[in-house]
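Student: Pasting a structure below so you can have a look.
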Amino acid sequence: MPEEWSTAVCVLAHPDDMEYGPATAVARWTAQGKTVSYVFISSGEAGIQGMHPDQAGPLREREERAAAPHVGVEDLEFLHYPDFAIQNTPELRRDITQSLQRRDPELLMILNHHEQWAFGGSNSTDHRNAGNAVLQAIRENPLPHLRWVAVADSTNIDHAVDVTDTLEAGLAALREHRAYLEALGGELWSIQHVVSNARRAGKLFGTRYAAAFELIELEPRRPQD
Numbered sequence: 006m007p008e009e010w011s012t013a014v015c016v017l018a019h020p021d022d023m024e025y026g027p028a029t030a031v032a033r034w035t036a037q038g039k040t041v042s043y044v045f046i047s048s049g050e051a052g053i054q055g056m057h058p059d060q061a062g063p064l065r066e067r068e069e070r071a072a073a074p075h076v077g078v079e080d081l082e083f084l085h086y087p088d089f090a091i092q093n094t095p096e097l098r099r100d101i102t103q104s105l106q107r108r109d110p111e112l113l114m115i116l117n118h119h120e121q122w123a124f125g126g127s128n129s130t131d132h133r134n135a136g137n138a139v140l141q142a143i144r145e146n147p148l149p150h151l152r153w154v155a156v157a158d159s160t161n162i163d164h165a166v167d168v169t170d171t172l173e174a175g176l177a178a179l180r181e182h183r184a185y186l187e188a189l190g191g192e193l194w195s196i197q198h199v200v201s202n203a204r205r206a207g208k209l210f211g212t213r214y215a216a217a218f219e220l221i222e223l224e225p226r227r228p229q230d
């Protein structure tokens, strides 16, 4: 993966999306002195079975705010679109564009927007719509310094980040999602899932652990007047 950049923004559907893998790469980058920001389209308020969304949303935001510092992220924004109902709308693309313009990234990260995950399993509609909304937003309103889009856990992975030294930081971030993980039956499966995928990606790219991405390279250009 290219690392000759200083500012990145990650736009995701839900809190915890980063912690299921790509946060391990973020930990490496922030340790190098890079600035990484998180933008979440929803607050994940539909993600805890048996808990009312009005309670779950703020709780999940708090858990994400506790998770992000483990990998060196201080800037988080929540757009408060409804969880489990994310659509690629002009309003969402407008809000994504405004968030990106305020931060002016060189690297943009999204979660897999394809039908399947890199190592098997069907992707959710929220993730697909979120990723496609981001890609359409930057086509409609190009960013002046954006050079790359990194698609985490894509079925078309062609680049990777060695996260051997930062895997534990990513796992520490994941563990901060206590209520969410408890609702899933405990943290064990999620921890094993992240480690397994990191090991599989590492095997593909010749390192112990890796975070794998599909990399889309862009030419920097100025937005049209």
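Taking the working numbering, the leading residue of the sequence shown gets 6, the next gets one more, and so forth.
Glycine included, C-beta positions come from ideal geometry on N, C-alpha and C.
1. Do you know how far the Cα of alanine 138 is from the Cα of aspartate 131?
2. Please classify serine 195: is it buried, with 16 or more other beta-carbons within 10 angstroms of its beta-carbon, or exposed?
3. Which ranges would you report for the alpha helix (DSSP H) in the stretch 22–60 if only whole runs of at least 4 residues count?
4. Is serine 47 buried or exposed, if buried means 16 or more other CB atoms sit within 10 Å of its CB?
5. Here's the rule: buried if 16 or more other CB atoms are within 10 angstroms of the residue's CB, otherwise exposed. What is proline 149?
6. For glutamate 145, does the three-state DSSP call read helix, strand or coil?
7. Figure out for me which residue from Arg180, Val166, Glu219 has the closest Cα to the Cα of lysine 208.
8. How close, in whole Å, do the beta carbons of aspartate 43 and leucine 81 come, if the pair is a contact with beta carbons under 8 Å?
9. On the criterion of 16 or more Cβ atoms from any shown chain inside 10 Å, does glycine 26 qualify as buried, or is it exposed?
10. Counting beta carbon pairs with one atom in the stretch 151–160 and one in the stretch 97–115, are three or more of them shorter than 8 Å?
11. Pick out whichever of Met56, Gln141, Asn117 has its Cα sitting closest to the Cα of arginine 98.
12. Any idea if glycine 211 is buried or exposed, counting beta-carbon neighbours within 10 angstroms, 16 or more meaning buried?
13. How is serine 159 classed by DSSP in three states: helix, strand or coil?
14. State the Cα-Cα distance for the pair lysine 39 and proline 7, rounded to the nearest angstrom.
15. Out of curiosity, what's the CA-to-CA distance linking threonine 160 and valine 76?
16. Do threonine 29 and leucine 186 have their CB atoms nearer than 8 Å?
17. Look at the alpha carbon of valine 31 and the alpha carbon of histidine 57, and state the distance between them as a whole number of angstroms.
18. Need the endpoints of the alpha helix (DSSP H) that valine 199 sits in, please.
19. Mapping the DSSP letters down to three states, classify glutamate 224 as helix, strand or coil.
Tutor: Once the coordinates are examined:
1. Here residue 131 corresponds to residue number 126 of the sequence shown, with the count starting at 1. Here residue 138 corresponds to residue number 133 of the sequence shown, with the count starting at 1. For aspartate 131 and alanine 138, the distance between alpha carbons rounds to 10 Å.
2. Mapped onto the sequence shown, residue 195 falls at position 190. Classification of serine 195: buried, given that the 10 Å Cβ count is 16 or more.
3. Entirely contained in the stretch 22–60, the alpha helix (DSSP H) runs reaching 4 residues are, in chain order, 28–36.
4. Along the sequence shown, one-based indexing puts residue 47 at 42. Answer is buried; the Cβ neighbour count reaches 16.
5. Residue numbering aside, residue 149 sits at position 144 when the sequence shown is read from its first letter. Sixteen is the threshold: since fewer than 16 other Cβ atoms of the shown chains lie within 10 Å of the Cβ of proline 149, the residue is exposed.
6. If you number the sequence shown from 1, residue 145 lands on position 140. For glutamate 145, the three-state secondary structure derived from DSSP is helix.
7. Residue mapping note: residue 208 aligns to position 203 of the sequence shown, counting from 1. Of the candidates Arg180, Val166, Glu219, the one whose C-alpha sits nearest the C-alpha of lysine 208 is Val166.
8. For the purposes of this step, residue 43 is taken as the residue at position 38 of the sequence shown. For the purposes of this step, residue 81 is taken as the residue at position 76 of the sequence shown. Residue identity check: residue 43 is tyrosine in the sequence provided, not aspartate. Rounded, the Cβ-Cβ distance is 5 Å, consistent with contact.
9. Position 21 of the sequence shown, counted from the start, is the residue given in the question as residue 26. Glycine 26 comes out buried.
10. Segments in contact, yes.
11. Taking the sequence shown and counting its residues from 1, the one referred to as residue 98 is at position 93. For the residues Met56, Gln141, Asn117, the minimum Cα distance to arginine 98 belongs to Gln141.
12. The count along the sequence shown starts at 1 and reaches residue 211 at position 206. Classified as exposed, glycine 211 has fewer than 16 neighbouring CB atoms from the shown chains inside 10 Å of its CB.
13. Taking the first residue of the sequence shown as position 1, residue 159 is located at position 154. It is coil, neither helix nor strand.
14. If you number the sequence shown from 1, residue 39 lands on position 34. If you number the sequence shown from 1, residue 7 lands on position 2. Cα-Cα distance, rounded: 13 Å.
15. Against the sequence shown, residue 160 aligns to sequence position 155. Against the sequence shown, residue 76 aligns to sequence position 71. Taking the straight line joining both Cα atoms gives about 25 Å.
16. Within the sequence shown, residue 29 is the residue found at index 24, counting from 1. Within the sequence shown, residue 186 is the residue found at index 181, counting from 1. The answer is no: Cβ separation not under 8 Å.
17. Here residue 31 refers to the residue found at position 26 when the sequence shown is read from its first residue. Here residue 57 refers to the residue found at position 52 when the sequence shown is read from its first residue. Distance from the CA of valine 31 to the CA of histidine 57, rounded to the nearest whole angstrom, comes to 31 Å.
18. Residue 199 sits at position 194 when you count from the first residue of the sequence shown. From DSSP, the alpha helix (DSSP H) with valine 199 extends over 193–210.
19. By one-based count along the sequence shown, residue 224 stands at place 219. Correct three-state label for glutamate 224: coil.
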